[in-house]
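*Asks:* For what it's worth, the UniProt record's numbering labels the leading residue of the sequence shown as 1, then goes sequentially.
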Amino acid sequence: MFTPTANPPTFVTPEEHAQITSSTPESFSDIPPALRFHDTEVDIEVDPKLDFLDEKAKGTLWVTEKAFVFIPTGSANGSEAPLPTGFSLEYPSITLHAISPASDDAPANLYCQVEDSSAAAPAHTEAEEENEVEDDEDVTPMRELKVFVKTAEQLNQLFHALSLCASLHPSQMSPGDELSGQRGFFGGNPDDEDRELPFPITGLPNGADGAFQDAAEPEANGDDSVDGGRTRSDYQSGTERFRPY
1 MFTPTANPPT
11 FVTPEEHAQI
21 TSSTPESFSD
31 IPPALRFHDT
41 EVDIEVDPKL
51 DFLDEKAKGT
61 LWVTEKAFVF
71 IPTGSANGSE
81 APLPTGFSLE
91 YPSITLHAIS
101 PASDDAPANL
111 YCQVEDSSAA
121 APAHTEAEEE
131 NEVEDDEDVT
141 PMRELKVFVK
151 TAEQLNQLFH
161 ALSLCASLHP
171 SQMSPGDELS
181 GQRGFFGGNP
191 DDEDRELPFP
201 ITGLPNGADG
211 AFQDAAEPEA
221 NGDDSVDGGR
231 TRSDYQSGTE
241 RFRPY
């Protein structure tokens with residue numbers, strides 16, 4: 001979700017972060033996040049437009065291990081005028097990010113899809129309305145974010161920085177997703193006794209339907225043998241029978 005902010009994030013360099021974490025601190029929560037990417041000349045586009053920011057804006061981008069922060073260009077530091085409002089993104093809300101190649105309409109950029117409950121739900125086409133589209137409540141409102149930098153090298157650095165930081169904040173699974181890990185091999189619930197396999201099983205000796213049958217219980221003869229089988233003594237003679245294994 002796009003959270004309005006006018007304040008640059010708190011951070012340390014990766015070298016400083018490594019030095020701080022090399023020894024046991026009093027509290028890990030007090031350690032500032034490491035800065036993985038920083039650029040003062042970034043162009044962004046957000047669609048649908050945010051209420052507090054133009055659809056297209058220039059400004060400064062910080063990619064820290066805690067958040068993805070953009071603040072548009074405004075008053076210089078030292079001025080009494082407040083900085084314009086930008087946004088901060090938590091990584092679990094970024095559901096997709098990729099490098100979008102250059103096209104006739106735009107140069108290469110970092111493309112992101114961001115979950116944002118404040119965004120308007122996507123409009124349905126006439127065909128969808130005729131088919132009585134259901135489950136609208138399951139549709140998560142999204143915004144598209146495009147980030148433009150000056151060079152291809154910077155774009156690659158930005159992509160890898162975002163990938164690294166996002167990997168530190170895996171998205172939370174919904175209850176339905178958690179149950180999916182408990183499904184059977186063929187996608188069914190293992191508790192469903194009547195489920196059928198998606199293909200016939202043939203060539204099994206225990207039954208034409210491929211079902212496994214329980215083996216008959218052996219009959220005991222009162223010694224260490226099983227009817228029709230052999231014992232250890234059948235393979236030994238003389239004193240060898242009494243030797244240890």
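Virtual Cβ for every residue (Gly too), placed ideally from N, Cα, C. Since this is a predicted model, take the numbers as computed values, not measurements.
Could you check where the alpha helix (DSSP H) with F159 kicks off and where it finishes?
*Replies:* Its alpha helix (DSSP H) spans residues 152 to 167.
*Asks:* Between A166 and Y111, is the Cβ-Cβ spacing less than 8 Å?
*Replies:* Not a contact, by the Cβ cut-off of 8 Å.
*Asks:* Which residues mark the beginning and the end of the alpha helix (DSSP H) in which A18 is found?
*Replies:* Start and end: 14 to 21.
*Asks:* Count the other CB atoms, across all protein chains shown, that sit within 10 Å of the CB of T24; report buried if there are 16 or more and exposed otherwise.
*Replies:* With fewer than 16 Cβ atoms within 10 Å of its Cβ, T24 is classed as exposed.
*Asks:* Quick one: what does DSSP say P170 is sitting in, helix, strand or coil?
*Replies:* Residue state, collapsed to three classes: coil.
*Asks:* Quick one: grab the DSSP three-state call for T103.
*Replies:* The displayed chain sequence assigns Ser, not Thr, to residue 103. Three-state DSSP puts S103 in coil, outside helix and strand.
*Asks:* Short check: CB of S5 to CB of A34, under 8 Å?
*Replies:* Reading off the sequence, residue 5 comes out as Thr, not Ser. Contact: no.
*Asks:* Based on DSSP bridge pairs, tell me the residues matched to G59.
*Replies:* Paired residues: V42, P72.
*Asks:* Look at the alpha carbon of I99 and the alpha carbon of D30, and state the distance between them as a whole number of angstroms.
*Replies:* When rounded, the distance between both Cα atoms is 33 Å.
*Asks:* Would K66 be called buried (16 or more neighbouring beta carbons within 10 Å of its own) or exposed?
*Replies:* Flag for K66 reads buried.
*Asks:* By Cβ distance, which residues of its chain are closer than 6 Å to K58, with the 5 residues on each side in sequence left out?
*Replies:* Contacts found: D43, T73.
*Asks:* Since L50 and F2 are thought to touch, with beta carbons under 8 Å apart, how far apart are those beta carbons, to the nearest angstrom?
*Replies:* Yes, L50 and F2 are in contact; Cβ-Cβ is about 6 Å, under 8 Å.
*Asks:* Quick one: grab the DSSP three-state call for S27.
*Replies:* It is coil, neither helix nor strand.
*Asks:* On the DSSP bridge list, what partners appear for S88?
*Replies:* In the DSSP output, where bridge partners are listed per residue, S88 has T3, V69.
*Asks:* Could you check which residue in P32, H17, I71, A18 has the C-alpha nearest to that of E41?
*Replies:* Nearest C-alpha to E41: I71.
*Asks:* For P32, collect the residues of the same chain with a Cβ closer than 7 Å to its Cβ; drop the 5 residues on either side in sequence, then sort them by chain order.
*Replies:* For P32, where only same-chain residues beyond five positions count, the Cβ hits under 7 Å are T10, F11, V12.
*Asks:* Nearest CA to the CA of L96: which residue from P8, A18, S163?
*Replies:* Among P8, A18, S163, the Cα nearest to that of L96 is on S163.
*Asks:* Is H160 close to chain C? Criterion is C-beta to C-beta, closer than 8 Å.
*Replies:* In the structure shown, chain C cannot be found, because there is only a single protein chain.
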